[in-house]
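**Q** Protein chains in written order, with the working numbering: chain L, -18 to 284; chain P, 642 to 1118.
Positions of the beta carbon are idealized from the N, C-alpha and C atoms, including for glycine.
Encoded as structure tokens, here's the structure I'll be asking about.
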Amino acid sequence: MNCEYSLSHLQELEAESIHIIREVAAEFQNPVMLYSIGKDSSVMVRLAEKAFAPGKVPFPLMHIDSKWKFREMIEFRDRYAREHGWNLIVESNMEAFNAGVGPFTHGSKVHTDLMKTKALLDALNKYKFDAAFGGARRDEEKSRAKERIFSFRDQFNQWDPKNQRPELWDIYNSRVHKGESIRVFPLSNWTELDVWQYIRLENIPIVPLYYAKERPCVEIDGNLIMADDDRLPKELVPRIRNRMVRFRTLGCWPLTGAVESEATTIEEIVEEMMTTTKSERTTRVIDFDQEASMEQKKREGYF
Amino acid sequence: MKDRKTDIKAYLDADEKKDLLRLLTAGSVDDGKSTLIGRLLFDSKKLYEDQLQALERDSRRVGNAGAGQIDYALLLDGLKAEREEGITIDVAYRYFSTNQRKFIIADTPGHEQYTRNMITGGSTANLAIILVDARTGIITQTRRHTFLVSLLGIRHIVLAVNKMDLVGFSEEVFTKIRNEYLALTTRLGIEDVTCIPLSALEGDNVVEKSNRTPWYEGISLLQFLETVPIDRDRNMDDFRFPVQYVLRPNLDFRGFCGKVASGVIRKGDEVMALPSMKRSRVKSIVTYEGELDYAFCPQSITVTLEDEIDISRGEMIVRPDNVPNVGRYFQTMLVWMDEEPMDRGKQFFLKHNTNTTRATVDEILYRVDVNTMEQLPGEDFKLNEIGCVRITTAKTLFFDAYSQNKATGAFILIDPITNNTSAVGMIIRPLVMEDISQADVPTLDLRKLGIGEESYEAIMKAVRELGRQGIEVKVVR
């Protein structure tokens, strides 16, 4: 496609995403961009920077810190926000954290409910955000394939898959009553490969955990878990081995499985991705909690 | 697969240049639509092992395919509620790519009550695949889907005549269906129609051309999807730039952000703002990467102008010699998307591009029976009903006929109480010439401009055309 007036798929997706981001900035009183520090978030953040260049992005970034994120993620987050002039908000469920809630003691379900979902809902209520951007893509998971770009949430932040607003052309309905909100997914139409390709072409910085390196790991229920800090249960410590691994998704370190890999460049990551036989969410422990678990979490307000 | 670094780099470099085809699939559960999509994904190696394992497990548990067969449909029916009901209830988007192109499939169900979903899924589609069962041929549902595709202005249709294996790959059966279908699409004015005989279940003519249809001279479905030209489908003639957001990072920079709805704009071009009709020139086209010499639809850009003109969100930048209709009254097709029937007394919010205004539906001219395409009298609209209405808006809109320009001819109606998207519309034509305040009427003094009398007729013709579109220009001879 080298015709004078044609766009590649990535240019078209980029234009679509920028249009979505600007529409939110124009139509909502108090939007926020949720930042997970992952590769998709990194792309979304860059698209926001692009949407308002040479100006500053007119909304803040917010990270819901479950207090169990990889340390490298937190370092990356703070450095990126500082270097790119973002207004960064960090929120946690301190009550649950102080009560000792964590994945090893309470299991992934309770941990996720309290440290992620509840922390997010509390933060959204605290700042009274009426729109929240998320970096989710429709190709990630089955229940996401049906979600709108502007996804309506009631006053309890719930998603009702049977009662979604029709969404046509590029005309987004942003009208909400007080207390209701919209989750906005500017990357809805991007695939995992698109995201990597864009990171490669645009030189977007990502957390080094995506690249393979020797890391201290322990096998738990078939997942390779990296011992990121000293909260790993003591009985598991003797089983720690150095393995050459990388992460395909990033989350709480005890809930995010590493994959054995030699990939140290984006090209190698993509190569690995294309020859791999497992989709990226298989390294997420939370998806396997219960049948249709992601849909359940989304109904409850988790992305 | 790829062993060397150079290979993967070459792959990525090639991948980067692929374009994007958005397509809609329509058909009922029985037509094997999900099976067809499942096979496109499967055969283009998009399915991962864990998804396949889950699929095999689910096929054994709740599958509708025969014993030992993979039910591709399960792959697509994402939501738990739907899996229990055994039908897809909403639009689901699927992604796959080949060496030629990237594809986004909007998968929508075929049931009558879900016209809403097909309209939703099809609004951004370049192409529609309509499935029929070779044993039953063209049925009421096929006509309905085809009508909706024509209403949405989708330029390319593939009629996938499925289950050819069950009619012995009969050329006669296929030809009869094709001829009947072409008669229908001709009546609807759809030009690009391709009919393909296939078996989604057994894979004939889906990815590879089948040797079981030697009489079929065309290419396989996937080959067609990979090669159908779509870059001519966009309106590149009429520049329309709805201002989405005004960027003022400092006193020296005033940028108008937006997506080019149609057409092309170049640095230095003369432009006009609507509704003020003030003119200026494009000083720069700004992006994060730097300035562009030109931009075209559907790029998202920021434009700065030579002169300080006040333009807000909802206003539009166009070329002075090519303006849209400017007005508050128009005739339009309307599709009712709300569970609640239309309340004629209601004032809606109408969102058109970046403009939101109050609007009323003044008159229902007729409803359309989506199955027979007959016009019926109508007093109101219920869910999934389609018709032609007259609308008045509180604010002036800048619009074109949807058939000429989708981006400036489409709108949605929002219920002011529930905030639901109640209806969507495709504008047919403006209704009344719009009054434009005299103070802003531009004047052409032909003698002063040094224009010879031989050109007067051509100029008056252009001025009359402008008048028809709602733009008044005063001429002094």
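(1) Which residues does DSSP pair with L/E200 in a beta bridge?
(2) Would you say P/D731 faces chain L, with C-beta separation under 7 Å as the test?
(3) Would you list, in sequence order, the uninterrupted alpha helix (DSSP H) runs of no fewer than 4 residues that lie entirely inside the stretch 55 to 125 of chain L?
(4) Answer with buried or exposed for L/H158, where buried requires no fewer than 16 other C-beta atoms within 10 angstroms of its C-beta.
(5) Measuring CB to CB, does P/V1125 end up less than 7 Å from P/V912?
(6) Tell me, which residues are paired with P/F1120 by DSSP?
(7) For P/R985, does the count of other Cβ atoms within 10 angstroms reach 16, so buried, or fall short, so exposed?
(8) Indicate the three-state DSSP secondary structure (helix, strand or coil) for P/N966 in the structure shown.
(9) Distance, Cα to Cα, L/F137 vs L/A77?
(10) Is the CB of L/Y61 under 7 Å away from at least one CB in chain P?
(11) Find the residues of chain B that neighbour L/G36, judging by a C-beta separation of less than 7 Å, and give them in chain order.
(12) Among P/V887, P/T756, P/I837 and P/D962, which one has its Cα closest to the Cα of P/I770?
(13) When DSSP labels each residue in this structure, what does P/G649 get in the three-state scheme?
(14) Could you please give the first and the last residue of the uninterrupted alpha helix (DSSP H) stretch that includes P/L659?
(15) Run through DSSP, which three-state label would P/Q782 get?
(16) Is L/Y153 closer than 7 Å to L/F131 when the C-beta atoms are compared?
(17) Based on Cα-Cα distance, which residue from L/R129, L/V176 and L/W49 lies nearest to P/D731?
(18) Considering only C-alpha positions, which residue in the set P/V959, P/L888 and P/S738 is nearest to P/R881?
(19) Listed in chain order, which residues of the stretch 648 to 662 of chain P have Cβ atoms closer than 7 Å to some Cβ of chain L?
(20) Mind pulling the chain L residues with CB within less than 7 Å of P/C898?
(21) Using a 10 Å radius around the Cβ and a threshold of 16 neighbouring Cβ atoms, would you call L/E252 buried or exposed?
(22) Using C-beta distances below 7 Å, list every residue in its chain close to P/V901, excluding the 5 sequence neighbours before and after it, in chain order.
(23) Taking Cβ positions, are P/V802 and P/F788 nearer each other than 7 Å?
(24) So, under 8 Å CB-CB, P/I1119 and P/T868 are touching, yes? Tell me the CB distance rounded to an integer number of Å.
(25) Which residue's Cα is closest to the Cα of P/G844: P/Y1007, P/I678, P/P855 and P/E832?
(26) Residues in its own chain within less than 6 Å of P/K659 by CB, not counting five upstream and five downstream?
(27) With distances taken between CB atoms, is the gap from P/T973 to P/I1053 smaller than 7 Å?
(28) What three-state label does DSSP hand L/D21 in the structure shown?
(29) What are the start and end residues of the beta strand (DSSP E) that includes P/N891?
(30) Count the other CB atoms within 10 Å of the CB of P/L892; is the residue buried (16 or more) or exposed (fewer)?
(31) With a threshold of 7 Å between beta-carbons, can L/T245 be considered close to chain P, or not?
(32) For L/R220, which option in L/R227, L/M207, L/R229 and L/F228 has the closest C-alpha, if you only look at C-alpha atoms?
(33) Flag this pair as yes or no: are the beta carbons of P/N767 and P/L662 separated by less than 7 Å?
(34) Evaluate P/V1117 with the Cβ neighbour count: other Cβ atoms within 10 Å of its Cβ, from every protein chain shown; 16 or more gives buried, anything less gives exposed.
(35) Using only alpha-carbon positions, find the residue among L/R27, L/P186 and L/Q178 that is nearest to L/E56.
(36) Using the three-state DSSP reduction, which class does P/S738 fall into: helix, strand or coil?
**A** So, from the listed chains and residues:
(1) L/L205
(2) yes
(3) 75 to 79, 84 to 92 and 100 to 108
(4) exposed
(5) Past the edges of chain P, shown from 642 to 1118, lies residue 1125 of chain P, and the structure says nothing about it.
(6) Residue 1120 of chain P lies beyond the residue range present for chain P, which begins at 642 and ends at 1118; the question has no answer from this structure.
(7) exposed
(8) strand
(9) 20 Å
(10) no
(11) Of the protein chains in the structure, L and P, none is chain B.
(12) P/I837
(13) The sequence given here places Ile at residue 649 of chain P; Gly does not occur at that position. DSSP places P/I649 in helix when its eight states are reduced to three.
(14) Note on identity: in this sequence residue 659 of chain P is Lys, with Leu being the wrong assignment. Taken as a continuous stretch (DSSP letters only), P/K659 belongs to no alpha helix (DSSP H), as it is neither H nor E.
(15) helix
(16) yes
(17) L/R129
(18) P/V959
(19) I649, K650, L653, D656, E657, K658, K659, D660 and L661
(20) R3
(21) buried
(22) F882, A936, F937, C938, P939, Q940 and I942
(23) no
(24) The requested residue 1119 of chain P is not part of the displayed model; chain P covers only 642 to 1118.
(25) P/I678
(26) R742 and K743
(27) no
(28) helix
(29) Y886 to N891
(30) exposed
(31) no
(32) L/M207
(33) yes
(34) exposed
(35) L/P186
(36) strand
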